[in-house]
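Numbering (the UniProt record's numbering), first residue to last: 1 to 71.
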(Lines of atoms letter the chains of each structure in order from A and count residues from 1; the text may use other names and numbers.)
(Lines give C-alpha, C1' and ligand atoms only; values in the text may rest on other atoms or scores of the structure.)
Protein backbone atom coordinates (compact mmCIF):
# COMPACT_ATOMS: atom_id res chain seq x y z
CA UNK A 1 0.00 0.00 0.00
CA UNK A 2 1.04 3.58 -0.54
CA UNK A 3 0.83 6.19 2.14
CA UNK A 4 1.52 9.88 2.18
CA UNK A 5 -0.02 13.28 2.48
CA UNK A 6 -2.38 14.57 -0.19
CA UNK A 7 -1.45 18.15 -1.02
CA UNK A 8 -3.65 18.65 -4.10
CA UNK A 9 -6.60 16.74 -5.48
CA UNK A 10 -8.45 13.98 -3.65
CA UNK A 11 -6.92 11.39 -1.32
CA UNK A 12 -9.28 8.67 -2.62
CA UNK A 13 -7.97 9.00 -6.21
CA UNK A 14 -11.29 10.41 -7.44
CA UNK A 15 -11.06 12.58 -10.55
CA UNK A 16 -13.18 15.47 -11.70
CA UNK A 17 -13.20 18.93 -13.21
CA UNK A 18 -13.95 21.02 -10.11
CA UNK A 19 -10.97 23.02 -8.86
CA UNK A 20 -10.53 20.74 -5.84
CA UNK A 21 -10.04 17.75 -8.19
CA UNK A 22 -7.38 16.77 -10.69
CA UNK A 23 -7.74 14.48 -13.69
CA UNK A 24 -4.50 12.91 -14.93
CA UNK A 25 -1.99 15.43 -13.60
CA UNK A 26 1.16 15.10 -15.69
CA UNK A 27 3.60 17.77 -14.47
CA UNK A 28 4.20 19.86 -11.39
CA UNK A 29 6.38 22.86 -10.61
CA UNK A 30 7.04 24.48 -7.24
CA UNK A 31 7.96 28.09 -6.62
CA UNK A 32 10.32 29.27 -3.87
CA UNK A 33 7.43 29.44 -1.37
CA UNK A 34 6.29 25.86 -2.04
CA UNK A 35 3.21 26.81 -4.07
CA UNK A 36 2.38 24.31 -6.80
CA UNK A 37 1.62 24.75 -10.48
CA UNK A 38 0.03 21.55 -11.78
CA UNK A 39 -0.54 20.59 -15.41
CA UNK A 40 -3.91 18.84 -15.16
CA UNK A 41 -3.81 16.97 -18.47
CA UNK A 42 -7.22 15.33 -18.25
CA UNK A 43 -8.85 18.72 -17.73
CA UNK A 44 -6.63 20.63 -20.20
CA UNK A 45 -5.59 23.26 -17.68
CA UNK A 46 -2.88 24.57 -15.38
CA UNK A 47 -3.96 24.92 -11.76
CA UNK A 48 -2.18 26.93 -9.06
CA UNK A 49 -2.32 25.53 -5.52
CA UNK A 50 -1.08 27.83 -2.76
CA UNK A 51 0.51 26.24 0.30
CA UNK A 52 -2.28 25.06 2.61
CA UNK A 53 -5.06 25.64 0.07
CA UNK A 54 -7.96 23.20 -0.20
CA UNK A 55 -8.84 24.26 -3.75
CA UNK A 56 -6.79 25.29 -6.76
CA UNK A 57 -7.02 28.38 -8.95
CA UNK A 58 -7.31 28.07 -12.74
CA UNK A 59 -4.47 30.02 -14.35
CA UNK A 60 -4.42 28.60 -17.91
CA UNK A 61 -6.73 26.57 -20.11
CA UNK A 62 -10.47 26.20 -20.14
CA UNK A 63 -10.92 22.91 -18.36
CA UNK A 64 -12.74 21.62 -21.45
CA UNK A 65 -11.51 19.09 -23.96
CA UNK A 66 -12.09 21.31 -27.00
CA UNK A 67 -9.38 19.77 -29.18
CA UNK A 68 -10.65 16.18 -29.10
CA UNK A 69 -10.51 14.44 -32.51
CA UNK A 70 -9.91 17.62 -34.50
CA UNK A 71 -8.75 15.71 -37.59
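Even glycine gets a Cβ: it sits at the ideal position worked out from N, Cα and C.
This structure is a prediction, so every number in the text was calculated from the model and none was measured.
For residue 38 and residue 55, the rounded distance between their alpha carbons
Within the chain shown, residue 55 is the residue found at index 55, counting from 1. Within the chain shown, residue 38 is the residue found at index 38, counting from 1. Those two C-alpha atoms are separated by around 12 Å.
Would you list the residues sitting across from residue 28 in a DSSP beta bridge?
By 1-based counting over the chain shown, the position of residue 28 is 28. According to DSSP, residue 28 bridges with 38.
Have a look at residue 34 and residue 48 and give me their C-alpha separation to the nearest angstrom.
Locating residue 34 in the chain shown gives position 34, counting from the first residue. Locating residue 48 in the chain shown gives position 48, counting from the first residue. C-alpha separation (whole angstroms): 11 Å.
Same chain, Cβ closer than 6 Å to residue 41, five either side skipped, listed in chain order
If you number the chain shown from 1, residue 41 lands on position 41. The answer, listed in chain order, is 24 and 26.
Span separating the alpha-carbon of residue 18 from that of residue 43:
As a position in the chain shown, residue 18 is number 18, starting the count at 1. As a position in the chain shown, residue 43 is number 43, starting the count at 1. One C-alpha to the other measures close to 9 Å.
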